[in-house]
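Scroll down for the structure; my scribbles are underneath it.
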RNA sequence: GCCCCCAUCGUCUAGUGGCCUAGGACGCCGCCCUUUCAAGGCGGUAACGCCGGUUCGAAUCCGGUUGGGGGUACCA
């Protein structure tokens, strides 16, 4: 056993978007490649002619892979390659197939084929099979599907899948202008690269017999196949970029950790077979086996992803957590003015926020009150906390109590102080803190209040309570 | 229509004939802790689609059925 190259393929889009399904496929391939000494994971980009020689379209994919930890510095990683690398070979192969009689030219239009079909259930009827047409304008090249059959696809996940040749039409491998189609290009590329194992989405299962026939016609042994279950939405339809949130980048921007994403994605169709699901990549990689992959479709459950993400965030060292929050703290994107940001204050409050965010972007709403000139009031919170007989009374009393220079401005003392103020109004701390919290942070839920007040300082705290009182009376 | 795939709690799954009165995780619900909200602790809810076989015994094997999904282009 010398070499077991493995490859997966991604279709780029003009936005460079990377589909979560592709990400899972990449991860599975990556694990497989790394398990073998000479395993290779090949990133080959295939798309229409329009995508040729436009590596910038695929930049997003390369970056997304790097984000997941699939780096091109690893000897197991190869690529990205572009379809154009083998463009010449594609045409050459088409010609060879024609010369060997494995393919023939056909000048039928779609309409003609349709009219001729007495049975609308069949595809192309083989009309030009024996007409001996020469290459020429308006003539596409069709592969001559051999009589007999069936073609048997041995799939590592699904087992033996049979396709009767009567159900495989003579498919087009090159357009009238000579340009090759996906089916041909795909096989030629794989042959050229010495691919021995193909792990890809189930949507490709139906065209596998065609590819296998092509491999054989070219005189090669087809690779081993493994067709992964489709990832679906809540309506159990294949995740589509039109209606579903599928871009890995979208999750990245929301503040999902790559570790969590990798962990979650690996569990979509596969299980390490242990009583725990939170498992780092380093432990999953050697455990992964394509034969253990499930064959039924899997729902992409963002709730579970969030839960995983929260776990990974909490497991971060504080310093690391602070660091990872940086992109959302950037004054370019953050809602506060640049001069409002206080690094020390953030570092002090970060540990309190760490267990409260499920995705990193939520850090903003947790700490914005510290850096904003004035809090942004959530109306529901306001109405709830500022009820008549409680809101104004608590605020005035707190304002007065906080003015006392004898009151040390630190969390413990502030808590005791507000507790006392509450008591004198017949309120437990739970109720008493609400108006102050809303006045100072703008919301009824948030980080522990007294630590927040301590960081905000006496002056700004009193100023905000004062402002809230004014707002109440307005 | 035709071809192909799939079928265990709401979801992701464990389970490859007896260890299953079906296990875990997420969600959900309740309780505890508690300055709000989280986190944490404890407990709970909830599934083998249906019908036939095979077998002493079936979630596990076979057939059918129903229901999902994918593919059916001179797209990729």
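Residue numbers (our numbering): 1 to 474.
Where is the CB? At the ideal position from N, CA and C, for every residue including glycine.
What you are looking at is a predicted structure, and each value in this text was computed from that prediction instead of being measured.
Same chain only: Cβ atoms within 6 Å of residue i, ignoring 5 sequence neighbours per side
i           : result
residue 288 : 31
residue 397 : 421
residue 123 : 169
residue 297 : 229, 230 and 232
residue 17  : 247
Contact belief for residue i with residue j at Cβ below 8 Å, rounded distance in angstroms
i           : j           : result
residue 436 : residue 381 : No, residue 436 and residue 381 are not in contact; Cβ-Cβ is about 12 Å, not under 8 Å.
residue 455 : residue 348 : 6 Å
residue 369 : residue 310 : Going by Cβ atoms, the distance from residue 369 to residue 310 rounds to 22 Å, so no, they are not a contact pair.
residue 377 : residue 228 : Going by Cβ atoms, the distance from residue 377 to residue 228 rounds to 48 Å, so no, they are not a contact pair.
residue 187 : residue 214 : 4 Å
residue 467 : residue 393 : Rounded, the Cβ-Cβ distance is 17 Å, inconsistent with contact.
residue 142 : residue 173 : 7 Å
Separation of residue j from residue i, as counted between CA atoms
i           : j           : result
residue 278 : residue 346 : 29 Å
residue 446 : residue 364 : 11 Å
residue 243 : residue 300 : 14 Å
residue 107 : residue 127 : 10 Å
residue 101 : residue 117 : 25 Å
residue 464 : residue 333 : 25 Å
residue 372 : residue 69  : 36 Å
residue 95  : residue 132 : 15 Å
residue 58  : residue 258 : 19 Å
residue 260 : residue 275 : 18 Å
residue 321 : residue 327 : 12 Å
residue 249 : residue 64  : 7 Å
Nearest residue (CA-CA) to residue i, options the options
i           : options            : result
residue 304 : 315, 263 and 378   : 263
residue 414 : 7, 448 and 385     : 448
residue 153 : 133, 114 and 226   : 226
residue 319 : 135, 350 and 290   : 350
residue 74  : 90, 39, 158 and 89 : 39
residue 77  : 86, 66 and 87      : 66
residue 425 : 404, 450 and 395   : 395
residue 431 : 315, 389 and 458   : 389
Own chain residues within Cβ distance below 7 Å of residue i, not counting five before or after
i           : result
residue 148 : 165
residue 384 : 444
residue 561 : Summary: the structure shown does not reach residue 561, with the chain confined to residues 1 through 474, and so no result is reported for it.
residue 251 : 261
residue 155 : 161, 225, 226 and 227
residue 193 : 5, 7 and 42
Own chain partners of residue i with C-beta closer than 8 Å, once the 5 adjacent residues on each side are dropped
i           : result
residue 222 : 211, 212, 215 and 216
residue 50  : Bear in mind that a pLDDT of 49 at residue 50, under 50, signals an unreliable position, so the model cannot answer this.
residue 265 : 20, 23, 24 and 27
residue 331 : 337, 338 and 341
* Length at least 4, wholly inside the stretch 191-222: the alpha helix (DSSP H) runs in chain order -> 208-217
* To do: Can you check the stretch 110-177 for any beta strand (DSSP E) of at least 3 residues that lies completely inside it and give the ranges in chain order?
  => 140-143, 151-155, 159-163 and 172-174
* Asked: At what residue ranges does the stretch 267-297 contain a whole run of the alpha helix (DSSP H), taking only runs of 4 or more?
  -> 281-287
* Asked: Curious, which full-length alpha helix (DSSP H) runs of at least 4 residues does the stretch 345-428 contain?
  -> 363-371, 379-385, 391-403 and 411-424
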